[in-house]
Amino acid sequence: MEINNNQLLRFTTAGSVDDGKSTLIGRLLFDSKSIFEDQLESVSATSEKKGHDGVDLALFTDGLKDEREQGITIDVAYRYFTTPKRKFIIADTPGHIQYTRNMVTGASTANAAVILIDARHGVIEQTKRHSFIASLLNIPHLIVCVNKMDLVEYSEERFNEIIGQFEEFSSKLLVKDVRFIPISALLGDNVVNRSENTDWYQGGTLLNILETLHISSDINKIDARFPVQTVLRPQSDEHRDYRGYAGRVASGIYRVGDEVAVLPSGFTSRITSINSGEQQVEEAYAPMSIAITLEDDIDVSRGDMIVKKNNQPEGEQEFDVMLCWLHNEPARPRAKYTVMHTTNEQRAMIKEVVYKIDINSYMRNSEDKDLRMNDISRVKIRTTHRLMLDSYRDNRNTGSIILIDENTNETVAAGMIV
Numbered sequence: 029m030e031i032n033n034n035q036l037l038r039f040t041t042a043g044s045v046d047d048g049k050s051t052l053i054g055r056l057l058f059d060s061k062s063i064f065e066d067q068l069e070s071v072s073a074t075s076e077k078k079g080h081d082g083v084d085l086a087l088f089t090d091g092l093k094d095e096r097e098q099g100i101t102i103d104v105a106y107r108y109f110t111t112p113k114r115k116f117i118i119a120d121t122p123g124h125i126q127y128t129r130n131m132v133t134g135a136s137t138a139n140a141a142v143i144l145i146d147a148r149h150g151v152i153e154q155t156k157r158h159s160f161i162a163s164l165l166n167i168p169h170l171i172v173c174v175n176k177m178d179l180v181e182y183s184e185e186r187f188n189e190i191i192g193q194f195e196e197f198s199s200k201l202l203v204k205d206v207r208f209i210p211i212s213a214l215l216g217d218n219v220v221n222r223s224e225n226t227d228w229y230q231g232g233t234l235l236n237i238l239e240t241l242h243i244s245s246d247i248n249k250i251d252a253r254f255p256v257q258t259v260l261r262p263q264s265d266e267h268r269d270y271r272g273y274a275g276r277v278a279s280g281i282y283r284v285g286d287e288v289a290v291l292p293s294g295f296t297s298r299i300t301s302i303n304s305g306e307q308q309v310e311e312a313y314a315p316m317s318i319a320i321t322l323e324d325d326i327d328v329s330r331g332d333m334i335v336k337k338n339n340q341p342e343g344e345q346e347f348d349v350m351l352c353w354l355h356n357e358p359a360r361p362r363a364k365y366t367v368m369h370t371t372n373e374q375r376a377m378i379k380e381v382v383y384k385i386d387i388n389s390y391m392r393n394s395e396d397k398d399l400r401m402n403d404i405s406r407v408k409i410r411t412t413h414r415l416m417l418d419s420y421r422d423n424r425n426t427g428s429i430i431l432i433d434e435n436t437n438e439t440v441a442a443g444m445i446v
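Spelled out as C-alpha cells, the structure:
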C-alpha cells in the first residue's frame, strides 16, 4: 500500500563559510518564484545600498541583522516554499565549527541534506564534518552540490575529481543515497533550470531532484509506536463514556481491530476506533495526529506508549546515546537532568562518558571525559524509570532524546540512542 505522505520535504543545507549556501537558497527561491514582492523590493534596496550589481541573492536568507552585516549565517534560518509538486522546509545551518550544535538542531528532522562544495577547493575538512553529522543523524538522502562551476570553466574532469574525493571518505559513512550535481548558485546553472554549460551532465537540476526524491519509504512503517500525549475525557452528554488517547503516530500503521499493548504496564487490548480530527478512520500512520479508543478500560496516561502486541520496543533504564552537547555550560559529573523521550519525561543522569568523537578526523578519544558545547560523544545514561526505546537507526522518532537542566529548564543536549 502506497502511503501518500510525501508532500512535505524537509532539507538542510551545509557547507563551508563561503561555499554559497545562502546564495543557493536565494537562487532556489528566486528562480522558483517563491519570493514575495515586498521581500524582493527590500533585498533589491539593500543590494543597491551595498553597491552590488543586481540582486544579492544571499540576502533572502541571511535574515538576522548581524548576518547581513558580516555576510555570514549564524543561526538556523528556516525557510518555507512551495512548488506545484511539493512543499519544502529549508533549514539553513551555519558552516563554522563553533556552530556544530546548530547544524545538529537544523538537521535532526531532515529528509535530505544539501552539502555544498566549492569546485575550486574540492572536499575540505568542513565537508567531511557536515557529511559525518548527516550520517550520524541518519539523514537518508545526501545531495552534493559542486558549486561555482563557472569558476572552473564548467570542467567535467574537475567535477569527477571531486566526486572521487567525496566517495573516498563517504564510503565509511552510513549514507544510503548520494547524488552529485554541478551548479553555479550565482548564475543559476542546474539549480532550478538546466544549464547549457554542462551538457555533459545527464542528471536532474537541484529542484527536480528535491521534487522527485522518494521519501515515503524513509518512514518506519513496520514498528508501530504511538506515544500518548493526552487522555481525552469530554464529559459531554454526547460522549459520556468516551475515553480516547491522543497523540501523534511516531511510526508504523494502526488499524481498527488491531491487538495492542500499552507500555510500560504491558496490558493488552484491541483498538475500537481511530479519530483523525472530526473524522473516524479505519487506519492511521506516521505522522498523523489521532485519538485511539480501546476495548478495555486500562489505566493509560501521558508518556505511555501503545504498540502492537507482537512488536514491542525495549524497556530500558540504562542505555547508550550519541550525545551532542548544546549548552555553553559544560556537563556536570553525575548531575541530575530531565530526559524527554517522545511524550515521556524522566529524571536521569549521565553515568559515564565512553568516548568523544573528533568530528574532523572521526577519531575516538576515550581519555577526555568533559562535555563542552558542540562536543559529540557516546555516553551511558541512567533514568529513574524505564523508557520504551528503539535505536535511532531504526526509528528517528523513538530513538532520540533531549536533556534538560532541572535548575534552569534549558535544553542542554540532544541524543541519538545507539
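Residues in the sequence shown are numbered consecutively from 29, following this note's numbering. C-beta: ideal position from N, C-alpha, C; glycine also. Predicted, not measured: the structure shown is a model, and the values here were computed from it.
What is the C-beta distance between residue i and residue j, in whole angstroms, given that I count them as a contact (C-beta under 8 Å)?
i, j, result
"I190", "I161", "Not quite, the Cβ-Cβ distance comes to about 20 Å (not below 8 Å), so this is no contact."
"A42", "H149", "Actually they are not in contact, since the Cβ atoms of A42 and H149 sit about 15 Å apart, beyond 8 Å."
"V288", "K337", "6 Å"
"S163", "V203", "5 Å"
"Q340", "L417", "Q340 to L417, Cβ: 11 Å. No contact."
"I143", "R107", "Contact doesn't hold; Cβ gap of about 17 Å is too wide."
"M368", "I430", "5 Å"
Note down, in chain order, each residue of its chain lying with its Cβ closer than 6 Å to the Cβ of residue i, except the 5 sequence neighbours on either side.
i, result
"S295", "The amino acid occupying residue 295 in the given sequence is Phe; Ser does not appear at that position. Contacts found: I326."
"F197", "K156"
"T300", "T321 and E323"
"D396", "K384"
"K115", "Q35 and L36"
"F226", "Rather than Phe, the amino acid found at residue 226 in this sequence is Thr. Once the five neighbours on either side are set aside, the close Cβ partners of T226 are Y182 and P210."
"S62", "F109"
"Y229", "P210"
"R38", "I117, T137, A138 and N139"
Using the three-state DSSP reduction, which class does residue i fall into: helix, strand or coil?
i, result
"E36", "Here residue 36 turns out to be Leu, not Glu, going by the sequence shown. Of the three classes helix, strand and coil, the one that applies to L36 here is strand, per DSSP."
"H460", "As shown, the chain starts at 29 and ends at 446. That puts residue 460 outside it, with no answer to give."
"N388", "coil"
"T226", "helix"
"N402", "coil"
"G192", "helix"
"I131", "Residue 131 is actually Met in this sequence, not Ile. In this structure, M131 counts as helix in the three-state DSSP scheme."
"S245", "helix"
"V328", "coil"
"I167", "coil"
"R424", "coil"
"K115", "strand"
"V180", "helix"
"D251", "coil"
"D418", "coil"
"N338", "coil"
Taking just the CA atoms, how far does residue j sit from residue i?
i, j, result
"I247", "Y390", "28 Å"
"D398", "R55", "42 Å"
"N393", "N402", "15 Å"
"T436", "E153", "35 Å"
"G443", "T121", "19 Å"
"R186", "S212", "14 Å"
"S183", "L235", "22 Å"
"D59", "I117", "17 Å"
"R207", "Q308", "41 Å"
"R406", "E380", "9 Å"
"Y359", "T128", "Reading off the sequence, residue 359 comes out as Ala, not Tyr. One C-alpha to the other measures close to 17 Å."
"Q345", "V256", "20 Å"
"D205", "L170", "6 Å"
"I378", "N425", "21 Å"
"G192", "E438", "43 Å"
"V446", "V132", "16 Å"
"S44", "S50", "11 Å"
"Y270", "S304", "15 Å"
"G48", "I387", "22 Å"
"A252", "Y313", "8 Å"
"P112", "G231", "21 Å"
"V349", "R400", "16 Å"
"E357", "N188", "44 Å"
"I237", "C173", "12 Å"
Among the residues of its own chain, which have a CB less than 7 Å from the CB of residue i, if the five just before and after it don't count?
i, result
"D433", "Y365 and V440"
"T258", "A274 and R330"
"A363", "M377"
"V328", "V256, V259, Y273 and V290"
Note down, in chain order, each residue of its chain lying with its Cβ closer than 8 Å to the Cβ of residue i, except the 5 sequence neighbours on either side.
i, result
"I167", "T40, A135, A138, N139, A140, A141 and V203"
"E310", "R283, V284 and I302"
"K200", "Y390"
"S428", "S136, H369, Y420, A442, G443, M444 and I445"
"T240", "K113 and G232"
"D422", "N248 and D251"
Count Cβ pairs between the stretch 272-279 and the stretch 313-332 that sit closer than 8 Å; are there 3 or more? Segments in contact, yes.
For the stretch 407-421 against the stretch 361-374, do three or more pairs of beta-carbon atoms, one drawn from each stretch, fall closer than 8 Å, so that the two count as touching? The stretch 407-421 makes contact with the stretch 361-374, as at least three CB pairs between them are under 8 Å.
Counting Cβ pairs, one atom from each stretch, are 3 or more of them under 8 Å apart for the stretch 217-228 and the stretch 166-180? Because the criterion of three Cβ pairs below 8 Å is met, the stretch 217-228 and the stretch 166-180 touch.
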